[in-house]
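Student: Here the sequence shown is numbered in this note's numbering, starting from 26 and rising by one per residue.
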Amino acid sequence: AYPNYNTYLIKTRRVDGQTALLHVASQLEQYAVNNHGYQDATLNNLNISNLAQQKYYQVAIIKADQFQYVIAAIPLNSQKFDKQCGTLAMN
């Protein structure tokens, strides 16, 4: 039962990373409206922490140019053991 419980926890903690990515994406869209693109966007000037709310993921802007962005949520702590789904990304 214990391995199944750990698997359940890992799966449910993915929501922390997914939520963080959606928040960053939303802020990037607002940034693009105000600045005519994603260029020079950083977590700092978006006023976003680099950690997801529950701290199971670290958020990063991998690429941001005028027309597109790539963001990632990198698993931390016990979430590193998620063998089915490692780093979450969105573009």
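Glycine included, C-beta positions come from ideal geometry on N, C-alpha and C.
Quick caveat: nothing in here was measured; it's all calculated off a predicted structure.
Mind reading off the beta-carbon distance from A77 to G42? Whole number of angstroms is fine, and I expect it under 8 angstroms.
Tutor: Yes, A77 and G42 are in contact; Cβ-Cβ is about 6 angstroms, under 8 angstroms.
Student: Kindly indicate which three-state DSSP category Q52 falls into: helix, strand or coil?
Tutor: Of the three classes helix, strand and coil, the one that applies to Q52 here is helix, per DSSP.
Student: Report back the beta-carbon spacing between M115 and L68 to the nearest angstrom; my notes put them in contact at under 8 angstroms.
Tutor: That belief does not hold up - the Cβ atoms of M115 and L68 are roughly 14 angstroms apart, past 8 angstroms.
Student: In chain order, what residues of the same chain lie with their CB nearer than 8 angstroms to the CB of N75, ignoring the 5 residues before and after it?
Tutor: Closer than 8 angstroms at the Cβ level, and outside the excluded window around N75, lie L68, Q83, V84, A85.
Student: Between L101 and K80, which are expected to be in contact by the criterion C-beta below 8 angstroms, what is the C-beta distance as a whole number of angstroms?
Tutor: Indeed they touch by this definition, with Cβ atoms about 7 angstroms apart.
Student: Within this structure, are the beta carbons of R38 and C110 separated by less than 8 angstroms?
Tutor: No, the Cβ-Cβ distance between R38 and C110 is not below 8 angstroms.
Student: For Q104, name the three-state secondary structure that DSSP assigns.
Tutor: Looking at Q104 - three-state DSSP - the assignment turns out to be helix.
Student: Let's see if you can read the secondary structure: which residues bound the beta strand (DSSP E) around L68?
Tutor: Where L68 is concerned, there is no enclosing beta strand (DSSP E), given that its DSSP letter is neither H nor E.
Student: For V49 and A26, what's the separation of their Cα atoms in angstroms?
Tutor: Rounded to whole angstroms, V49 to A26 spans 36 angstroms at the Cα level.
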